[in-house]
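Notes follow once the structure below has been shown.
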Amino acid sequence: MKRVMEMAAKRELTPLKMEHGLLFVLGVCLIAFGQEVYAGASPVGQVVILIIFLGLLVGIAPLPMPVFKSLFWQTYFAGLLSGVLDSFIVLEQCKRLRTVEKGQTREEVMHQQDNQETEGVRAKLLALFMIAALVGGLVIWFGEVYAAGTYLNDGRTGILSALYIVPPVLVFLAVLGFHATRLPIEVVPNKAAKASMRDVIEFIAGVAALLMTHNPLLCLGGLLVYSVLTRQDEHLLDAWKHHTEVNVMLVLLVALIAGSWIVANVISPLGLDKGEYLPIIPAGVQAVLWGPLYTDPTVHFWMRITTLATGALILPISSLVGVMLFKSLRQWWMYMKYSIPYAILFYLLMRGWIWLTLESPVGHALEQWAHSGGHH
Numbered sequence: 001m002k003r004v005m006e007m008a009a010k011r012e013l014t015p016l017k018m019e020h021g022l023l024f025v026l027g028v029c030l031i032a033f034g035q036e037v038y039a040g041a042s043p044v045g046q047v048v049i050l051i052i053f054l055g056l057l058v059g060i061a062p063l064p065m066p067v068f069k070s071l072f073w074q075t076y077f078a079g080l081l082s083g084v085l086d087s088f089i090v091l092e093q094c095k096r097l098r099t100v101e102k103g104q105t106r107e108e109v110m111h112q113q114d115n116q117e118t119e120g121v122r123a124k125l126l127a128l129f130m131i132a133a134l135v136g137g138l139v140i141w142f143g144e145v146y147a148a149g150t151y152l153n154d155g156r157t158g159i160l161s162a163l164y165i166v167p168p169v170l171v172f173l174a175v176l177g178f179h180a181t182r183l184p185i186e187v188v189p190n191k192a193a194k195a196s197m198r199d200v201i202e203f204i205a206g207v208a209a210l211l212m213t214h215n216p217l218l219c220l221g222g223l224l225v226y227s228v229l230t231r232q233d234e235h236l237l238d239a240w241k242h243h244t245e246v247n248v249m250l251v252l253l254v255a256l257i258a259g260s261w262i263v264a265n266v267i268s269p270l271g272l273d274k275g276e277y278l279p280i281i282p283a284g285v286q287a288v289l290w291g292p293l294y295t296d297p298t299v300h301f302w303m304r305i306t307t308l309a310t311g312a313l314i315l316p317i318s319s320l321v322g323v324m325l326f327k328s329l330r331q332w333w334m335y336m337k338y339s340i341p342y343a344i345l346f347y348l349l350m351r352g353w354i355w356l357t358l359e360s361p362v363g364h365a366l367e368q369w370a371h372s373g374g375h376h
């Protein structure tokens with residue numbers, strides 16, 4: 001027994017508590033009834049479940065963002081990574097990246113324990129990372145919280161459901177990457193951040209399960225059971241309490257409880273819920289709230305995604321995640337000097353892509369899996 005206790009202490013295992021047992025029971029219940037419960041949930045409720053699962057997955061397997069020698073590939077990777085993780089999680093990783101610019105010592109920065117401030121050239125680079133994450137996440141239906149509700153409303157929850165938007169997104173990320181290479185700054189390894197092979201395997205398994213099942217509630221059940229069996233339950237509870245996207249959750253709860261009223265009494269009377277341009281305004285105010293409520297049947301799905309994403313780029317508060325990095329009005333203004341021109345570029349790029357390809361053989365080929373993960 002003494003030997004067992006020593007091993008437990010060495011692995012930082014905590015005594016099994018009632019809450020750990022309840023986690024296990026909850027996980028079993030979610031696995032048993034998750035399919036039915038998730039299918040009966042509203043799009044807003046489904047997005048809330050998705051956020052909880054992704055947040056806890058990263059809590060169990062906290063991977064630091066890889067560091068690339070090229071700022072082009074660093075920016076590109078931030079965008080593509082957002083496809084399997086919400087931009088909230090990607091920007092959390094970006095906060096921990098270490099950057100060196102003129103006047104800074106490389107070795108000191110690499111071993112720095114505290115995260116660097118959003119200022120100077122670093123702020124410009126983080127703005128490009130954020131824009132890349134907000135757009136790059138669109139390539140998979142659950143990649144962006146603000147767009148997940150729109151994807152769900154259209155029944156697009158297959159692995160290839162967003163294939164149509166991949167080409168313009170890749171072009172857009174390339175433009176951001178080339179812009180990043182012109183900044184006088186370098187990204188260096190963070191010596192204070194470490195990742196184990198176990199974390200990598202757990203993370204890949206969690207994302208693969210979500211891609212295969214299209215059901216984050218079922219995956220959440222599996223994660224809860226796994227965390228108890230591997231005695232990572234205390235770590236998971238800590239992630240649940242302290243690392244959930246609280247601001248996003250609160251906004252989604254507002255949409256869940258008062259969404260219909262907001263659309264009927266605020267957005268619709270102003271005419272902001274119809275057409276190809278005006279819906280950018282509510283998206284610019286709050287894309288996370290507007291995403292699951294945006295259901296104009298007269299506008300094609302990809303045009304709705306375009307207006308929603310364009311609005312999400314404009315302000316740090318539009319997607320909620322930007323306030324993690326850009327907090328003061330001075331930082332907001334710096335971000336908007338990048339976000340507004342790039343929002344316009346993205347809108348024009350998507351309009352051109354839709355005009356050229358939507359009714360073409362290329363568009364039909366990319367859209368053939370549009371509803372492979374659900375019913376339309």
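So that you can map any letter, position 214 of the sequence shown is 214 in this note's numbering, and since no number is skipped, the others follow by simple counting. Using N, Cα and C, we set each Cβ at its ideal position, and we do this for glycine too. The model shown is predicted, which means the values in this text are computed figures rather than measured ones.
Residue i (DSSP reduced to helix, strand or coil)
i    : result
V67  : coil
E36  : helix
T99  : strand
I185 : strand
K274 : coil
V225 : helix
I140 : coil
T230 : coil
K191 : coil
A8   : No answer about A8 holds up, because its pLDDT of 41 lies below 50 and its placement is not dependable.
A370 : coil
F172 : helix
V299 : coil
G155 : coil
H214 : coil
Y76  : helix
Sub-9 Å separation of residue i and residue j beta-carbons
i    : j    : result
A208 : A133 : no
T150 : K327 : no
D199 : A61  : yes
S42  : L256 : yes
E101 : P184 : yes
G55  : V228 : no
Y164 : E367 : yes
P64  : K194 : yes
Pick from the options that is closest to residue i, judged by C-alpha positions
i    : options               : result
Q74  : H364, W290, V90       : V90
L211 : A162, E186, A309      : A162
H179 : I354, S339, M350      : S339
V48  : L313, L23, F142, L358 : F142
Y146 : W355, L325, L313      : L313
I131 : Q113, L220, I344, K69 : I344
L320 : F346, F88, I267       : F88
Buried or exposed by the 16-neighbour rule on C-beta atoms within 10 Å, applied to residue i
i    : result
H364 : exposed
Y76  : buried
K191 : exposed
H376 : Here H376 scores only 44 on pLDDT, less than 50, and its place in the model should not be relied on; the value that follows carries that caveat. H376 is exposed by the Cβ-count criterion.
H300 : exposed
F33  : exposed
Proximity test, Cβ basis, 9 Å: residue i and chain B
i   : result
Y38 : Of the chains in the structure shown, none is chain B; there is only one protein chain.
The alpha helix (DSSP H) enclosing residue i, as first and last residue numbers
i    : result
W332 : 329-357
M324 : Element bounds for M324: n/a, residue is neither H nor E.
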